[in-house]
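> Heads up: the sequence shown is residues 5 to 337, going by my numbering.
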Amino acid sequence: MAGNPTRIPTHLVLGFLGAGKTTAILNLLKQKPEGERWAVLVNEFGEVGIDGAFLSNQGVAVKEVPGGCMCCVSGLPMQIGLNSLISFARPDRLFIEPTGLGHPAQVIETLTGEFYKDVVSLCTSVCLVDPRRLEDKRVLASRQFHDQVAVADVLVASKTDLCTAHQLDQFDNWANTWQPAKQRIGQISGGELPLDWLAGSSGNLPPHYPDSHHHHHRKTSAEKPSLEDEPWQSYFNQGEGYNSMGWRVHEDLMFDPIALQSLASNAEFERFKGVARTTEGWWMFNAVEGVLTLLDAEPTDESRLEIISQKLEPEQLDQQLRAALAEPTKTKL
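(1) For the alpha helix (DSSP H) holding serine 266, just list the boundary residues, first then last.
(2) Go through its chain and collect everything with a Cβ distance to aspartate 176's Cβ below 6 Å, but skip five positions before and after it.
(3) Just reading off the beta strand (DSSP E) that leucine 18 is part of, what are its end residues?
(4) Using C-beta distances below 6 Å, list every residue in its chain close to alanine 327, excluding the 5 sequence neighbours before and after it, in chain order.
(5) Hey, phenylalanine 149 and phenylalanine 20: beta-carbon distance below 7 Å or not?
(6) DSSP three-state call for alanine 185: helix, strand or coil?
(7) For the putative contact between glycine 294 and asparagine 270, defined by C-beta atoms under 8 Å, what is the C-beta separation to the nearest angstrom?
(8) For isoleucine 262, is the classification buried or exposed, using 16 other Cβ atoms within 10 angstroms of its Cβ as the cut-off for buried?
(9) Which residue wins for smallest C-alpha separation from alanine 23, given the options Gln83, Arg97, Val153, Phe119?
(10) For glutamate 113 and glutamine 320, what's the separation of their Cα atoms in angstroms?
(11) What residue does the alpha helix (DSSP H) around threonine 27 start on, and which one ends it?
(12) Would you mind stating whether alanine 268 and alanine 301 have Cβ atoms separated by less than 7 Å?
(13) Can you give the beta carbon distance from serine 248 to glutamate 310, rounded, assuming they're within the 8 Å contact cut?
(14) Valine 160 and leucine 202 - do their beta-carbons sit closer together than 7 Å?
(15) Report the option in Val44, Glu40, Pro13 whose CA atom is closest to the CA atom of lysine 25.
(16) Please state if the CB of arginine 308 and the CB of glycine 278 are separated by a distance shorter than 7 Å.
(17) Would you mind working out which of Leu264, Pro318, Leu231 sits nearest glutamine 242, comparing C-alpha positions?
(18) What alpha helix (DSSP H) runs, 4 residues minimum, are completely inside the stretch 122-187?
(19) What residue range does the alpha helix (DSSP H) around alanine 93 cover?
(20) Can you tell me where the beta strand (DSSP E) holding leucine 299 begins and where it ends?
(21) Determine the closest residue to tryptophan 178 out of Gly194, Leu197, Gln187, Pro135, with distance taken between C-alpha atoms.
(22) Whose CA, out of Leu138, Leu325, Val130, lies closest to the CA of tryptophan 236?
(23) Apply the 10 Å Cβ neighbour rule to threonine 297 and answer buried if 16 or more other Cβ atoms are within range, or exposed otherwise.
(24) Among Leu138, Ala280, Gln191, which one has its Cα closest to the Cα of leucine 299?
(25) Roughly how many angstroms lie between the CA atoms of proline 229 and histidine 254, to the nearest whole one?
(26) Which residue or residues does DSSP assign as beta-bridge partners of threonine 282?
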């Protein structure tokens, strides 16, 4: 590696809402060479961290930066999380997953700036695109989506098992129009992103976007109250034309699995994701526009759920989620 040989190889894993970033990272972690230490910095739009729970049992260090775009406030949330992760984990390789609603330009500027130039080495970045979303004019018109694709070195069609041949052809044609040309254009299913696709160095450093970070996130306290004192906690966030509603729920409050599946499958939600204790055990919920995936989850000390939608009524959603609790536990609220 040119320059300081001790710099940490760092990759951005980009993609719009529901593109499959976390699943791809999970598959990358399975390819970790024996003896290497890897770490993941995760940013989420909502106020409660969900993706970190998905990644935390993979034998790597994970740090979450919840509550909007990690590059806001002059990059301070990102820097605090990154500094902590590097200091305690001392990783040999680092993956950063910015929110699907964020602009990556300032993240890259921070990583390549004065403070980190001798600490991290920005290597190949990848952007995942669900080819079906290319048929949505709202996505194509999104500045966030455009910025994510523009800075990526590798452009990958994800979830190809859910796409038609025509949609995959459209992706290839669209992907090949980008200039400068991408280092690689590929297709994957099941998030099975090959690690060797990230070999090489970053070549698509972004222009500066002076007007792209006028976010309006709700200010929240850094310290959330104990679930012993408040067993049901909800948090609201908004920005970039989207709203987020998140919950932290004490583990003693169990959900009815059928009722929770029904709520998660609401096609009006851009995303529904979470780790929840149900009467049938701990489950991971991951839904994109009503298409739900369920996985078994490791037990933890709380349930965490999040809904992202352009149209969202906080009080109504809170009532709907409370209604999804199992009857024997509702009296504990």
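Backbone N, C-alpha and C define an ideal beta-carbon position, used for all residues, glycine too.
The relevant details are as follows:
(1) 261-268
(2) none
(3) 12-19
(4) none
(5) yes
(6) coil
(7) 6 Å
(8) exposed
(9) Val153
(10) 40 Å
(11) 25-33
(12) no
(13) 6 Å
(14) no
(15) Val44
(16) yes
(17) Pro318
(18) 141-144, 147-155, 169-179
(19) 80-93
(20) 295-300
(21) Pro135
(22) Leu325
(23) exposed
(24) Ala280
(25) 12 Å
(26) Phe259, Gly285
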